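Chemist: Going down the list, the sequences are from chains Z and W.
Here the numbering used here is used: the first residue of the first sequence is 1067, the next is one more, and so on.
Here the numbering used here is used: the first residue of the second sequence is 1266, the next is one more, and so on.
Glycine is no exception: its CB is placed at the ideal position from the N, C-alpha and C atoms.
Quick caveat: nothing in here was measured; it's all calculated off a predicted structure.
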Amino acid sequence: MAAIEIDHLVKQYPNGFKGVNDVSLNIADGEFVILVGPSGCGKSTLLRMIVGLEDITSGELRIDGKRVNEKAPRERNLSMVFQNYALYPHLSVRENIAFPLRLKKDVPEEEIRRRVDEAAGLLELGELLERKPAQLSGGQRQRVAMGRAIVRQADAFLFDEPLSNLDAKLRGQMRSEISRMQRRLGTTTVYVTHDQTEAMTLGDRVAVLRKGILQQVASPRELYEQPANLFVAGFIGSPPMNFLPAHVEGDCLDTPFGPIPLSRERADAVAGRDLLLVGIRPEYFEDSSLVDDAKRPHGSTFQARIDFTEWLGDAQFAYLPFDAEPEVRDRLRELSQELDSDQLRTQAVVKIDASSRIREGQTAEMWVDLRKIHVFDPRTGENLTRDEEAGAELTRQVAADRAQQVDLAGGGRSSGTTETGGAGPTGGAHRADAPQSVDVRDAAGSRQMSGGSTT
Amino acid sequence: MTTMEREAGAPPAAETSSKRSPKVSSSERKSQILWLVGAIVIIAYALIPVAWILSLSLKAGDDINNQRFLPSDVSLENYRIVLSSDIFLSALRNSVGIAAIATTISVVLATLAAYAIARLEFPGKKLILGVALAITVFPVISIATPLFNMWRTIGLYDTWLGLIIPYLSFSIPLSVYVLSAFFREIPWEMEQAAQVDGATAWQAFRKVIVPLAAPGVFTAAILTFFAIWNDFVFGITLTSTEAARPVPAALAFFSGASQFSQPTAPIAAASVLVTIPVIILVLLFQQKIVAGLTNGAVKG
C-alpha cells in the first residue's frame, strides 16, 4: 500500500520531443486513478516512468514519500499488467504466477504454493494452473497476468491498456473483475486506457493527458459535467460533445441553431469576446414535441434540418448539419484529429427519444436544455463557464462514496449484496453498467476467498 | 503418443467433410500427386549419393569394380581397416574435440553479443551486423595462406588452438547474426515484465530470455558444429601431423589396405563413420528446436 506522488515529471527524448511534459499528480493510498488520452498523448510513457522502465528526464517520483527516480523496476515493488500480458510461455500458469515469489528467494515453497492458490482462487484460475499460456484463451491469459500482479502484494498495481486485446463482451466482464479486485484488495492502482468507458467506470479519478500535458484530473462525473477545456470536453463522452460556433450579442449567443440566452454570470464570463464555441452534449437535445412541460422552460427550441438518423432501440441519434466560418471549421477539424476521431463535416449529433418520428431530410423543431451547456474560447480552448465549486463537489461526493465502498469491501466480506447496496445512489449512478454481474461474481469470489484462508 | 493421438483426433469434422465432397478431392488429389512427385525427386537427389557411399563402403577389396550399385558380398572389411588406422582415430579425436570446444565458445559468446545487439541502442550497431554478415560470406581460402605463415611464426601451427581461433572468427559472426534475429523476435515486454516482477537484468536474461531463445541457440550451435566438422581448407593448411589434423583433411591422406590399391572404399567407410555423429546431433537437437515456442506469450 502506498501513495504515489508525481512531481513535475518530464520525459524528453534525444530529439527534443517531450513525451511527458511537466505532469504533477498525487495518487492517494488505495486510490484507482486512470490515465486517459488519445494515442500518443504520453499516458503509457508516464506509466512506464512510474514503474521504472522509462528514465525520468526531470522532476521527482515519490512512492510512499521516498524518491525512487534512480531505482530499478525491481526495487520499486510495483506490479504491472502489460497490454499484451507478457506471460512467460515456457512456464506453466502456476509458475507464471509464482515467478515474482521465486525471485525473492526467501519465500518458502509452502508459502509460494499457498499464495498462488489464493490468487488463482480469486481469479478463478484453479483448473488452469498446470497449463501453458499457449493453451489459454485471451481472457484467461489476462487473468493469469493479473494473478502474477497480485501474488506479490506489491505497493501498487499498474495496468497498461490491459483490456484492449479482448473482445467487447469479455472486456465488460474483465472490467468489472478488475474493479472488484481493486476494491477488495484496496491497492493503489494506476490504469492506462484510451477507452473512455473504462475510464469512466473504473476510476476514482481520471487524469486526461494531451500531448504529454495534463489537462484535468477529476472524478469521471466532474470531467463530464465540468470539463476544464475544449479537449477534455471533446474527449469525454460518446458520441462526443457538439461544438457550435457562436457570437456574443448582448446577453445572447448567436449560434447556427438560433440564439441562446445566457444567465447573468455566464454573460459576464464571456463578455468582450467575439467568436466562441458552445459545447452541448448530444443528450441535452430532444425532439421538441416530446419534451415534458416541466423541463421545457430550461431550454429553447429551434428549427433544423435533419440530415441523417440512426435508431438504436433505446435512443436515436440525429445528425444536424450546420454552417461554420472557415476559422471555426479549421479549429474543429484540428480538434477532431487530436481526439483520434475523423469527423469531416460540421454537424451536430443529437440524442433524442427512440419514439420520435423525426426522419431524415425533414426540418424539425428541436429543443435544447441550456442548463449544462458550456462556452469555450476557440483559441485557448479554455472553458469560460466552468463552475469550479460544482465540479469539486462532484468529486467530493465520489470520494465519499468510494470510502464507504472500500470499507464495506474490506470489512464485510460476508456477502456481495451489502457491497452494492452500500454504493449509494450517487456512486451507483456512474457505474450503472455492471452492478448485477458484479454482484453475483462477488458473492462467489468471497466464498472462495474465505475458503482459501481457512485451509 | 497419446497426446498426439488426441490432438490428431481433435478436428474430425474438418477431415471427414473434405473427404466426402467430391469436387474438392479431384483438384486436391492432383496437387497431392504433384507434391508427392516433388518430394520423391528431392529425397532421391539427397539420398542417392548417401546410399552410394554406403554401398561403396560395404564392398570388400576389388569388389568396387563390380560395375553394380550393390556390393556382391556385404563386407565390413573397410570399417575394420578404418577403425584400426591411427590416422583416422586421431583425426576423429581432433575433430570431435575441436568442434566441441569451438562450438561451445562460439555459441556462448554469440548469445551474449546477439542479446546486446538486439536489446541495446548504441552507435555502430548496424555496422557490426553488416560486418558480421560480410565475414560469413568472406572467402575462407583467402586467409588460409596468411594464417599459415602467421601460425608458423607464433607456434600455433598444427595445434588445436590454431584451428579453434579461425573457426571462432568465422562462426561467431554467423551465430550472432542468427541469434540476434531470434532475440528480436522475443517481445521485449517479456524481459520488462521479469524486471518489474523483481528480476535483475541477469536473472531476466537467464530465466526468461535464454529459455525462449533456446531454439535459436540450438540452431546456431548445429550450424556452427556442422561448419567446423565439415571444414577442409583450414584443416589441411594449418595442420601437418596427427596432433591436430581433423577428419576431412585426414581422409585425403588415407591409404588403402596396401600401397597399390585405391583407398576409395575405406574412404567411403570413413565418410559414413563421420556422418554418424552429425546425424545423432541433429536427432538430439531436433527436439529442442520447437518452432513457435513463444506462442501464448502475448495476445496471439
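In the DSSP assignment, find the beta strand (DSSP E) that holds R1417 of chain W and state where it starts and stops.
Modeler: Counting along the chain, R1417 of chain W falls outside any beta strand (DSSP E), though it belongs to the alpha helix (DSSP H) covering I1406 to I1419.
Chemist: Using the rule of at least 16 other Cβ atoms within 10 Å of the residue's Cβ for burial, across every protein chain shown, is D1353 of chain Z buried or exposed?
Modeler: So D1353 of chain Z counts as buried.
Chemist: What does L1477 of chain W touch in chain Z if you count any residue whose Cβ is under 9 Å from its own?
Modeler: Under the 9 Å cutoff, chain Z gives Y1154, P1155 and H1156.
Chemist: Which term fits N1087 of chain Z, buried or exposed, when burial requires 16 or more other beta carbons within 10 angstroms of its beta carbon?
Modeler: Buried, since its Cβ has 16 or more Cβ neighbours within 10 Å.
Chemist: Would you say Q1461 of chain W lies against chain Z (beta-carbon separation less than 8 Å)?
Modeler: Looking at the sequence itself, residue 1461 of chain W is Val, so the reference to Gln does not match. Judged by the 8 Å Cβ criterion, V1461 of chain W is in contact with chain Z.
Chemist: Taking T1465 of chain W as the query, report the chain Z residues whose CB atoms sit under 7 Å from its CB, ordered along the chain.
Modeler: Per Cβ cutoff of 7 Å: R1140.
Chemist: Which residues in chain Z sit within 8 Å of A1383 of chain W, going by Cβ to Cβ distance?
Modeler: Residues of chain Z passing the Cβ test: none, with the nearest at roughly 17 Å.
Chemist: Between which two residues does the beta strand (DSSP E) carrying K1084 of chain Z extend?
Modeler: Start and end: K1084 to I1093.
Chemist: Of the residues that make up the stretch 1440-1461 of chain W, which ones have a beta carbon closer than 8 Å to any beta carbon in chain Z?
Modeler: If the cut-off is 8 Å between Cβ atoms, the stretch 1440-1461 of chain W has P1452, E1454, M1455, Q1457, A1458, A1459, Q1460 and V1461 near chain Z.
Chemist: Name the chain Z residues that come within less than 7 Å of V1473 of chain W, Cβ to Cβ?
Modeler: By Cβ distance, chain Z contributes Y1154.
Chemist: Answer yes or no: does any C-beta atom of chain Z fall closer than 8 Å to that of A1562 of chain W?
Modeler: Unreliable placement is indicated for A1562 of chain W, whose pLDDT of 48 sits below 50; no coordinate value is reported for it.
Chemist: Quick check on this structure: which residue in W:P1452, W:W1494 and W:Q1297 has the alpha carbon closest to the alpha carbon of P1155 of chain Z?
Modeler: Nearest option by C-alpha distance: W:P1452.
Chemist: Here's the rule I'm using: 16 or more other beta-carbon atoms within 10 Å means buried, otherwise exposed. How should W1416 of chain W be labelled?
Modeler: Classification of W1416 of chain W: buried, given that the 10 Å Cβ count is 16 or more.
Chemist: Between L1444 of chain W and A1375 of chain W, how many whole angstroms is the CB-CB distance? I'm expecting something under 8 Å.
Modeler: Confirmed, about 6 Å.
Chemist: Ends of the beta strand (DSSP E) at A1284 of chain Z?
Modeler: Segment I1279 to A1284, the beta strand (DSSP E) holding A1284 of chain Z.
Chemist: I want to verify the contact list: residues of chain W whose CB lies under 7 Å from the CB of V1117 of chain Z, in sequence order.
Modeler: Going along chain W in sequence order, the residues near V1117 of chain Z (Cβ under 7 Å) are V1461.
Chemist: At which residues does the alpha helix (DSSP H) containing L1224 of chain Z begin and terminate?
Modeler: Where L1224 of chain Z is concerned, there is no enclosing alpha helix (DSSP H), although the beta strand (DSSP E) it sits in stretches over A1222 to D1226.
Chemist: Less than 8 Å between C-beta atoms, sequence neighbours within five positions excluded: which residues of the same chain meet that for P1322 of chain Z?
Modeler: Once the five neighbours on either side are set aside, the close Cβ partners of P1322 of chain Z are L1310, P1311, F1388, D1389 and A1390.
Chemist: For G1096 of chain Z versus G1252 of chain Z, is the C-beta distance shorter than 8 Å?
Modeler: Yes, Cβ-Cβ distance for G1096 of chain Z and G1252 of chain Z is below 8 Å.
Chemist: Using a threshold of 8 Å, state whether the C-beta atoms of E1426 of chain Z and T1375 of chain Z are closer than that.
Modeler: Contact: yes.
Chemist: For the candidate residues Z:V1272, Z:G1213 and Z:S1304, whose alpha-carbon lies nearest to that of I1346 of chain Z?
Modeler: Among Z:V1272, Z:G1213 and Z:S1304, the Cα nearest to that of I1346 of chain Z belongs to Z:S1304.
Chemist: Against Q1468 of chain W, what residues of chain Z qualify as contacts under a CB-to-CB distance less than 7 Å, listed in chain order?
Modeler: The answer, in chain order, is L1169.
Chemist: How should I1072 of chain Z be labelled, buried or exposed, when 16 other C-beta atoms within 10 angstroms of its C-beta is the threshold for buried?
Modeler: Answer is buried; the Cβ neighbour count reaches 16.
Chemist: Could you check the C-alpha separation between P1531 of chain W and W1317 of chain W for me, to the nearest Å?
Modeler: Using only the alpha carbons, I get a separation of about 14 Å.
Chemist: Output, in chain order, the set of chain W residues within a Cβ distance shorter than 9 Å of M1146 of chain Z.
Modeler: Result: Q1457, A1458, V1461 and D1462.
Chemist: In its own chain, which residues sit with a C-beta less than 6 Å from the C-beta of T1255 of chain Z, not counting the 5 before and 5 after it?
Modeler: F1098, F1223 and Q1248, listed in sequence order.
Chemist: Against chain W, does V1506 of chain Z count as a neighbour if the rule is that its beta carbon must be under 8 Å from one of theirs?
Modeler: Confidence at V1506 of chain Z is low in this model, with a pLDDT of 37, below 50, so its placement is unreliable and the value that follows should be read with caution. Chain W contact via Cβ: absent.
Chemist: Just curious, the alpha helix (DSSP H) that Y1380 of chain W is in, first and last residue?
Modeler: Start and end: D1351 to R1384.
Chemist: Using only CA atoms, which one of W:P1438, W:V1373, W:A1356 and W:V1302 lies nearest to R1471 of chain W?
Modeler: Among W:P1438, W:V1373, W:A1356 and W:V1302, the Cα nearest to that of R1471 of chain W belongs to W:V1373.
Chemist: Between the stretch 1486-1503 of chain W and the stretch 1390-1397 of chain W, can you find at least three pairs of beta-carbon atoms closer than 8 Å?
Modeler: Verdict: no, contact absent.
Chemist: Which residues in chain W have a C-beta closer than 8 Å to the C-beta of P1166 of chain Z? List them in chain order.
Modeler: Under the 8 Å cutoff, chain W gives D1462 and G1463.
Chemist: Can you check whether the C-beta of D1499 of chain Z is within less than 8 Å of a C-beta belonging to chain W?
Modeler: Bear in mind that the predicted position of D1499 of chain Z carries a pLDDT of just 39, short of 50, making it too unreliable to give a figure here.
Chemist: Using a C-beta cutoff of 8 Å, does N1081 of chain Z count as contacting chain W?
Modeler: Chain W contact via Cβ: absent.
Chemist: Cα separation between G1108 of chain Z and K1277 of chain Z?
Modeler: In a straight line, the C-alpha of G1108 of chain Z is about 7 Å away from that of K1277 of chain Z.
Chemist: Keeping to the same chain, check which residues put their C-beta closer than 8 Å to that of L1127 of chain Z; ignore five residues upstream and five downstream.
Modeler: For L1127 of chain Z, where only same-chain residues beyond five positions count, the Cβ hits under 8 Å are I1070, E1071, I1072, D1073, L1075, M1115, I1116, R1133, V1134 and N1135.
Chemist: Considering just the uninterrupted stretch of the beta strand (DSSP E) at A1200 of chain Z, what are its terminal residues?
Modeler: Per DSSP, A1200 of chain Z belongs to no beta strand (DSSP E) and is neither H nor E.
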